[in-house]
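Here the structure comes first, spelled out in structure tokens, and everything after it is commentary.
There are 4 protein chains.
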Amino acid sequence: MTANTTDINNNLAPELQVSAWFNTAQPLTLAALRGKVVVLHAFQMLCPGCVQFGTPQTQRMFDEFDPDRVAVIGLHTVFENHAVMGRDALEVFVREYRLRFPIGIDKHEEGQPKGIPMTMRAYRMQGTPSLLLIDKAGRLRLHKFGHVSDLMLGLWVGTLLPEEIDLAAVAASAARTPDAGAACNADRCSG
Amino acid sequence: MTANTTDINNNLAPELQVSAWFNTAQPLTLAALRGKVVVLHAFQMLCPGCVQFGTPQTQRMFDEFDPDRVAVIGLHTVFENHAVMGRDALEVFVREYRLRFPIGIDKHEEGQPKGIPMTMRAYRMQGTPSLLLIDKAGRLRLHKFGHVSDLMLGLWVGTLLPEEIDLAAVAASAARTPDAGAACNADRCSG
Amino acid sequence: MTANTTDINNNLAPELQVSAWFNTAQPLTLAALRGKVVVLHAFQMLCPGCVQFGTPQTQRMFDEFDPDRVAVIGLHTVFENHAVMGRDALEVFVREYRLRFPIGIDKHEEGQPKGIPMTMRAYRMQGTPSLLLIDKAGRLRLHKFGHVSDLMLGLWVGTLLPEEIDLAAVAASAARTPDAGAACNADRCSG
Amino acid sequence: MTANTTDINNNLAPELQVSAWFNTAQPLTLAALRGKVVVLHAFQMLCPGCVQFGTPQTQRMFDEFDPDRVAVIGLHTVFENHAVMGRDALEVFVREYRLRFPIGIDKHEEGQPKGIPMTMRAYRMQGTPSLLLIDKAGRLRLHKFGHVSDLMLGLWVGTLLPEEIDLAAVAASAARTPDAGAACNADRCSG
Numbered sequence: 029m030t031a032n033t034t035d036i037n038n039n040l041a042p043e044l045q046v047s048a049w050f051n052t053a054q055p056l057t058l059a060a061l062r063g064k065v066v067v068l069h070a071f072q073m074l075c076p077g078c079v080q081f082g083t084p085q086t087q088r089m090f091d092e093f094d095p096d097r098v099a100v101i102g103l104h105t106v107f108e109n110h111a112v113m114g115r116d117a118l119e120v121f122v123r124e125y126r127l128r129f130p131i132g133i134d135k136h137e138e139g140q141p142k143g144i145p146m147t148m149r150a151y152r153m154q155g156t157p158s159l160l161l162i163d164k165a166g167r168l169r170l171h172k173f174g175h176v177s178d179l180m181l182g183l184w185v186g187t188l189l190p191e192e193i194d195l196a197a198v199a200a201s202a203a204r205t206p207d208a209g210a211a212c213n214a215d216r217c218s219g
Numbered sequence: 029m030t031a032n033t034t035d036i037n038n039n040l041a042p043e044l045q046v047s048a049w050f051n052t053a054q055p056l057t058l059a060a061l062r063g064k065v066v067v068l069h070a071f072q073m074l075c076p077g078c079v080q081f082g083t084p085q086t087q088r089m090f091d092e093f094d095p096d097r098v099a100v101i102g103l104h105t106v107f108e109n110h111a112v113m114g115r116d117a118l119e120v121f122v123r124e125y126r127l128r129f130p131i132g133i134d135k136h137e138e139g140q141p142k143g144i145p146m147t148m149r150a151y152r153m154q155g156t157p158s159l160l161l162i163d164k165a166g167r168l169r170l171h172k173f174g175h176v177s178d179l180m181l182g183l184w185v186g187t188l189l190p191e192e193i194d195l196a197a198v199a200a201s202a203a204r205t206p207d208a209g210a211a212c213n214a215d216r217c218s219g
Numbered sequence: 029m030t031a032n033t034t035d036i037n038n039n040l041a042p043e044l045q046v047s048a049w050f051n052t053a054q055p056l057t058l059a060a061l062r063g064k065v066v067v068l069h070a071f072q073m074l075c076p077g078c079v080q081f082g083t084p085q086t087q088r089m090f091d092e093f094d095p096d097r098v099a100v101i102g103l104h105t106v107f108e109n110h111a112v113m114g115r116d117a118l119e120v121f122v123r124e125y126r127l128r129f130p131i132g133i134d135k136h137e138e139g140q141p142k143g144i145p146m147t148m149r150a151y152r153m154q155g156t157p158s159l160l161l162i163d164k165a166g167r168l169r170l171h172k173f174g175h176v177s178d179l180m181l182g183l184w185v186g187t188l189l190p191e192e193i194d195l196a197a198v199a200a201s202a203a204r205t206p207d208a209g210a211a212c213n214a215d216r217c218s219g
Numbered sequence: 029m030t031a032n033t034t035d036i037n038n039n040l041a042p043e044l045q046v047s048a049w050f051n052t053a054q055p056l057t058l059a060a061l062r063g064k065v066v067v068l069h070a071f072q073m074l075c076p077g078c079v080q081f082g083t084p085q086t087q088r089m090f091d092e093f094d095p096d097r098v099a100v101i102g103l104h105t106v107f108e109n110h111a112v113m114g115r116d117a118l119e120v121f122v123r124e125y126r127l128r129f130p131i132g133i134d135k136h137e138e139g140q141p142k143g144i145p146m147t148m149r150a151y152r153m154q155g156t157p158s159l160l161l162i163d164k165a166g167r168l169r170l171h172k173f174g175h176v177s178d179l180m181l182g183l184w185v186g187t188l189l190p191e192e193i194d195l196a197a198v199a200a201s202a203a204r205t206p207d208a209g210a211a212c213n214a215d216r217c218s219g
């Protein structure tokens, strides 16, 4: 984990450098997302740890968190095997895996051989998956390489939501989560 | 879900009524836990939704959350099949399942036939599993019957942690979570 | 694993000693099941490895295998904590977990303090869960203590089915298994 | 499911048409595999149902089944999105996902626009994943499109193994399967 909070906390997180977007009508910028917590999932479509854990987790965040408070964004940060993870391959991947959250392609410098893309370089990411949490003021608050549990991820996002939050309303937004229903009441157990 | 925040928010959550404790040297009270967020998991040892989802989730919270900020407690709220879920049966269950978080047995009124136990009644719980979140000031902030996702549970707990929290330190406490390690860096993918 | 095939293969497997049955109108005997492969899952209701792996696996076998060819049976072999795993506790367990396969309670010798029950002793089982496979002629063919993968368990049962089996018909019986449906055809991927 | 046993059972299964192999020093042919049961997993690297279920299941078969009796083979049957699932992309996929079973690329007819590849066409597969079981005599015995449970798959493979099989030896080969160890014996429960 790299959480260089002393360096970073008082500065704005670097802006996203994206060459193309999926699942959004408008290009997204951190500047325009001020006022929301931003969760950024940096991944590669042929990284098993991304496909098996990080990307489904990001889809769950997109499905469960209140979109008025939390912006959930994917960033395709290809730093290897460029030939087989281009825009056309990603488009198939996004469609076949039915990903619905906005996904940007991290931009490569023009006129250069492809290496580490620009946003990945600006944040000095170590690899994929990487998680970035950016607060409502646009500051990078957490940067983690590798797998994160749902519990800790939820807790971290929660701590960035305003203290005056109405928990009852937050809870209501969870109604979109299908209830496993495996529960017992006075009549019976179900599940 | 019942989140009667208008009724409850300004009042203290009812105190726990417990006849015996496991996994704690001292009996626990909400009064003594002021200053921490309290997560209370009400369960029965023969409720499948508890054993398969809620109780392992509670164990994960106990393992992952910072114990100086979040108190994770189980409450055995037996409201049916009393003969086979007594103290001796629970003791075997706690040992065999290797549960390590503190667990109290919700008290039954003395001199009465066993029905709904006292804490369960005071909170008007609908069944098991039930989740209660109590803030640092001792107020009930969320009350939910049934299954809750790790993401939303983490988020709810996070919103009750103080706004001045040092995320880097919170993140460091996650080091106790085993990292799945399924990740790619410049050298290779692992996992 | 104990697979004492030299001792056992030419002899009949010891008969079940059962004090009570659930989920069957008639008591079951190995003698009456000649002509079917018998899969016997010996378990205890407070054994986590049983509840989390073995018992759900047994339920899946009961749901997926052709009942005209394979008899799937549970045996509650309580050898410890007798006071909290009696008949009344098991009855609640079977009902709450919605187990549908026949389950017998391994008999204890009358007039003796409870120890290892009679069937468990006759088979010299090491603990729970234990798996026994008995062929169509009534001979014990496999005896394994601990967890077994679904693939190997299916393979072992398959090798005991008659060679003249009509695979197409076997396959048709799999239609009862809900198809995950996560598949791609010429039109689209689903799942 | 298509199990055209009346048409197919007495005829040899069509030979594999493969343009390149991974994870095998020698090209594989059904002809050379006579005497073993062949399990063939037809998949595409960007088919989610393959990557999430079928391909890991195939890896488990390769790890658990006795290679002297059962040949487990993957076949990359690309019938769509050809540009992004070529040999170079598959090579990355096989390496990153650490697949160890032999995988052939189903051949396309030369001098034609790419469509359904030759082996896929010969077997009239409906899509991916598809499972083919070929007996020791080289006959197609089962053909199924979509997801199959481990239990039924194991059972089907088992029924094709010779009746004289020594179950104790088969069982011993399972020793390679890591034992979950979640079991109770006279001393304690573990897991």
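Protein chains in written order, with the working numbering: chain Y, 29 to 219; chain W, 29 to 219; chain L, 29 to 219; chain B, 29 to 219. Using N, Cα and C, we set each Cβ at its ideal position, and we do this for glycine too.
The three-state secondary structure of W:F93, taken from DSSP, is coil. Pairing W:P145 with Y:C217 gives a Cβ-Cβ distance that is not under 9 angstroms. Taking the C-beta atoms as reference points, B:M148 is found no nearer than 9 angstroms to B:L118.
Listed in chain order, the positions of the region 115-146 of chain Y with a beta carbon within less than 7 angstroms of a beta carbon of chain B are D116, A117, V120, F121, E124, Y125. Rounded to whole angstroms, the Cβ separation of B:L181 and B:L68 is 12 angstroms, and the two are not in contact under 8 angstroms. Every alpha helix (DSSP H) of 4 residues or more that sits fully in the region 84-132 of chain Y is shown, in chain order, as 115-124. Straight through space, the alpha carbons of Y:L127 and Y:V65 are spaced by roughly 21 angstroms. Restricting attention to B:Q85, B:A211, B:A99, the CA atom closest to the CA of L:Q154 is found in B:A211. The C-beta of W:N39 has fewer than 16 other C-beta atoms within 10 Å across all chains shown, which makes the residue exposed. Against Y:N51, chain B offers no close residue; the least beta-carbon distance is about 17 angstroms (beta-carbon pairs closer than 7 angstroms). A direct Cα-Cα distance of roughly 8 angstroms separates B:A41 from B:Y151.
The residue among W:E92, W:V106, W:A60 with its C-alpha nearest the C-alpha of W:P157 is W:V106.
Counting only residues of its own chain and dropping the five nearest sequence neighbours on each side, W:D163 has a CB closer than 7 angstroms to the CB of V65, R169, L188.
Note that the region 134-142 of chain Y touches the region 44-63 of chain Y; at least 3 beta-carbon pairs, one per stretch, sit closer than 8 angstroms. Proximity of chain L to W:N109 at the Cβ level (cut-off 8 angstroms) is accounted for by V120, in chain order.
Nearest to Y:N109 by C-alpha distance, out of B:A59, B:F121, B:L179, B:V98, is B:F121. Close to W:L179, with beta-carbon spacing below 7 angstroms, are these residues of chain Y in chain order: R88, M89, E92, D178, L181, G182.
In this structure, the beta-carbon distance from W:T86 to W:F71 falls below 9 angstroms.
Take the alpha-carbon of L:M73 and the one of L:M113: they are about 7 angstroms apart.
Taking all protein chains shown into account, W:D178 has 16 or more neighbouring C-beta atoms within 10 Å of its C-beta and is therefore buried. Cβ neighbours of B:F81 within its own chain (closer than 8 angstroms, five residues either side excluded): P157, H175. A distance below 6 angstroms between beta-carbons, with the five flanking residues on each side excluded, links Y:P55 to the following residues of its chain, in chain order: W49.
When Y:D215, Y:A60, Y:G186 are compared, the shortest CA-CA separation from Y:D94 is found for Y:G186.
Between Y:F90 and Y:V100, the gap from beta carbon to beta carbon is short of 9 angstroms. For B:V66, there is no enclosing alpha helix (DSSP H); the residue is part of the beta strand (DSSP E) that begins and ends at 65-71. Chain-ordered, the chain Y residues with CB closer than 7 angstroms to the CB of B:P76 read E124, Y125.
When DSSP reads this structure, Y:G155 sits in a beta bridge with W:N213.
Contacts with chain L at 9 angstroms (Cβ-Cβ) do not include B:A165. When the alpha-carbon of W:K142 is set against those of W:D116, W:A111, W:F129, W:R123, the nearest one is in W:A111. Cα atoms of B:R88 and Y:E43: separation of roughly 44 angstroms, rounded to the nearest angstrom. Below the 8 angstroms Cβ cutoff, chain B contributes V112, G114, D116, A117, V120 as neighbours of Y:V112, in chain order. The alpha carbon of W:R62 has as its nearest neighbour, out of W:T83, W:D96, W:L183, the alpha carbon of W:D96. The CB of W:T83 never comes closer than 7 angstroms to any CB in chain Y; the least such distance is about 12 angstroms. Excluding five sequence positions before and after B:L58, the CB atoms of its chain that fall closer than 7 angstroms to its own CB belong to A41, E43, L44, V66, I162, G166, given in chain order. In the DSSP assignment, Y:L183 falls within the unbroken alpha helix (DSSP H) covering 178-188. For the region 58-74 of chain W, residues whose beta-carbon sits nearer than 8 angstroms to a beta-carbon of chain Y comprise Q72.
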